[in-house]
Amino acid sequence: MKYRPLIGINTDYRASAKGRTPHCYLHSGYYECLMAANALPVFIPPLAKEADLAPILDRVDGLMLTGGDDLDPRKMGLAPHPSVTVVPERREMADRMLCKMVQQRRMPVLGIGLGMQELNVVSGGGLFIHLPEDMPKSIPHRDPQGGAHRHTVVMQPGTRLEHIYGPGEIRVNSYHHQGVRKLAPNFRVAAIAPDGLIEGFEGKDHSWWVTGVQWHPENEGNISLDMQLIEAFVEAAASTRCMPALAKVG
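Counting along the sequence shown from 1, when you hit position 7 you're at 1244 in our numbering, and nothing is skipped either side.
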């Protein structure tokens, strides 16, 4: 039987409020697309200590960093903005630790939406806080009414994303008002929108499978193009886990 890699997935968090108990939660698309790609999901709650996260990362083969609300601009040395819906602090702190730890471990990681932005910020990059103001000539990147919105992205030649999706452009879903302003030095651009906004990046170091995309492949996991990215990530995670075993056999 083909090895089914364990993929950790970070979860969102909702604090207690009047008439509501605290809980963590996850959009089902994230684990369903992994199951469809023959992986097994492992939910990771927003834990407060690296010592608690480390044993979990020791056991999983890869990490999927999920979408969500916005990073707190104040933690990036920027002023608050009325458009920003700040992600719960407990989740942001746990996510930042996960980003740092997977980078140290060179663990396969796929960042989606907010997860992409977190990887970039923790690695030394920066964000546009509100695209309509920071990038006035940008194309729309979300429906202001909250509905479905799509635009094209162009794969960059010679990148992992071009290998996965093929050359040229594809249409992707788009729900964001923030984006990558400055790319972290250990990443390279892998996909861009027609207005020049970075929509995908990957690691410069080929020994580390790390990819971030601004769109949400988990929302349309039955579309073959979206599943190609998920399957490539799962394959990388399975290969990483199998490498030590193969070395022993040899």
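Beta carbons are placed, not taken as given, at the ideal position from N, Cα and C, and that holds for glycine.
Small disclaimer: the values here were computed from a predicted structure and weren't measured.
With 16 or more other CB atoms across the displayed protein chains lying within 10 angstroms of its CB, residue 1474 is buried. By the neighbour-count definition (other C-beta atoms within 10 Å, threshold 16), residue 1296 is an exposed residue. Rounded to the nearest whole angstrom, the CA to CA distance from residue 1443 to residue 1320 is 37 Å. Of the candidates 1404, 1438, 1456 and 1259, 1259 places its Cα closest to the Cα of residue 1327. Taking every protein chain shown into account, the CB of residue 1415 has 16 or more other CB atoms within 10 angstroms, so this residue is buried. Under DSSP, residue 1307 shares a beta bridge with 1323. Just measuring C-alpha positions, the residue of 1289, 1354, 1373 and 1361 sitting nearest residue 1305 is 1354. For the pair residue 1331 and residue 1283, the CB atoms are nearer than the 8 Å cut-off. Exclusion of the five residues before and after residue 1406 leaves 1389, 1390, 1391 and 1392 as the residues of its chain whose Cβ lies within less than 8 Å of its Cβ. The beta carbon of residue 1387 sits closer than 7 Å to those of 1408, 1409, 1410 and 1411, all from its chain and outside the five residues before and after it, given in chain order.
Annotation for residue 1426: the continuous beta strand (DSSP E) segment containing it runs 1424-1429. For residue 1356, the enclosing alpha helix (DSSP H) covers residues 1351-1359.
Annotated as proximal: residue 1294 and residue 1344, with beta-carbon spacing under 8 Å. By alpha-carbon distance to residue 1288, the top candidate from 1359, 1316, 1240 and 1338 is 1338.
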